[in-house]
Structure formats: C-alpha cells, structure tokens
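In the UniProt record's numbering, the protein residues as written are 1 to 201. The structure under discussion appears below in the form of structure tokens.
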C-alpha cells in the first residue's frame, strides 16, 4: 500500500495515480505559510514586549512587525513558484515531457517536510528571546539575525528541512517526469543547498 504522505517513501507516494496533486500542494504551502507567519508573529510580539520605548515608537515597531509577517507569508508562495520554475527549467532540459503544473505540484507537496520541521523552528525562535533588545534601534538588527538562523537550533532545523525537502523533490520529479532518479536528486539537492546557503547571507 502506497504511503499517504511523501515524507518517508516519496517514490511510492508519487507513483500513485492521483499524485502529484495541485490541490494538496497548494494546501501544504498554505499551511506552511500560515504556520510560519503565526510563529513569527508570536515570536516578534514577545520581542516587542521587551522594547523599552514610548508608545509612538512601539507603534512604529509594531508596524514593522506586521509588514514583516505579511512579507513572510507572501514570500513563501513566491518562493514556491520561483523554485518550481527553476526546477522545471532543468527538468525540461533533461527531457521531461510533463507540464510546469506537474513540477509545481511536486515542489509544493515536498514542502510538507518544512511543515513537519516548523515546531523545531519555533523552538529555535523561542530560544532567541533571551537576546531580545530593549533598544528600539537594535530591533532591526536583531530581527535580521533571527531571520538568518543565528541560533544553532534554527540552523540545524533549516538544514534538515532543506535536505528532506530536496529528497522528496528529487524522487517526486523523477517519478512524475519519468527521469533518472540520480539526476533529479542531484538537481534538487544542489538547488536546496544553494538556497540554504543564500539564507545565511
């Protein structure tokens, strides 16, 4: 019996007649974007509470937080589309005959690994609360450090999530486009590691 998620046996999962599914992919990315936005909002609300500033300045900081949360939500969907487009370019060059929609669905369903890793990421964010500044001027710098995985827990969870997602993508693309597994895994891991390293900058 084929697994119900691609987390453990992605080849068998994507070998099902009803996979990949654009509906499932959109739902998974939506859950990831919403969960990430909520985790960031809760984290930043706790950080703002540490800020020692007049109400006007706190309101400005709160506005920056809201903008960052909305930006994070939108960026996850934009990242899904851009990643799928990049992967599909290489899939097409490798001789894949199915549509971009197939690649988009595989890429989206692979993000379930990120959803599973979200609680670990949240724990890593909580661990940064002790470093929260009281000076409003230091808030932006603190936020940038948090976003660049300055915590060991965040670093490890991000790396594991990237590798796990890449493995699912590689097997999924190979099955969906009837291409060699080795090539698709090399492609997915190469792009996944590159994305991870860019996030550290």
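Where a beta carbon is used, it is the ideal one built from N, C-alpha and C, also for glycine.
CA-to-CA distance, residue j to residue i, given in whole angstroms
| i | j | result |
| --- | --- | --- |
| residue 193 | residue 58 | 37 Å |
| residue 169 | residue 152 | 25 Å |
| residue 70 | residue 61 | 14 Å |
| residue 163 | residue 6 | 14 Å |
| residue 106 | residue 98 | 12 Å |
| residue 65 | residue 16 | 42 Å |
| residue 19 | residue 120 | 28 Å |
Cβ-Cβ distance between residue i and residue j below 9 Å
| i | j | result |
| --- | --- | --- |
| residue 87 | residue 191 | yes |
| residue 73 | residue 122 | no |
| residue 110 | residue 186 | no |
| residue 196 | residue 129 | no |
| residue 171 | residue 3 | no |
| residue 78 | residue 100 | no |
Contact belief for residue i with residue j at Cβ below 8 Å, rounded distance in angstroms
| i | j | result |
| --- | --- | --- |
| residue 14 | residue 175 | 4 Å |
| residue 108 | residue 31 | Actually they are not in contact, since the Cβ atoms of residue 108 and residue 31 sit about 11 Å apart, beyond 8 Å. |
| residue 68 | residue 125 | That belief does not hold up - the Cβ atoms of residue 68 and residue 125 are roughly 13 Å apart, past 8 Å. |
Residue from the options whose Cα sits closest to the Cα of residue i
| i | options | result |
| --- | --- | --- |
| residue 76 | 152, 33 and 198 | 33 |
| residue 178 | 129, 198 and 92 | 92 |
| residue 156 | 117, 168 and 169 | 117 |
| residue 90 | 198, 160, 183 and 63 | 183 |
| residue 114 | 159, 102 and 81 | 159 |
| residue 173 | 55, 54, 161 and 94 | 94 |
| residue 23 | 120, 161, 102 and 131 | 102 |
| residue 154 | 181, 21 and 200 | 200 |
Q: Please go through the region 8 to 59 and give each complete beta strand (DSSP E) segment of 3 or more residues, from N-terminal end onward.
A: Annotation note: the region 8 to 59 contains no uninterrupted beta strand (DSSP E) run of length 3 or greater.
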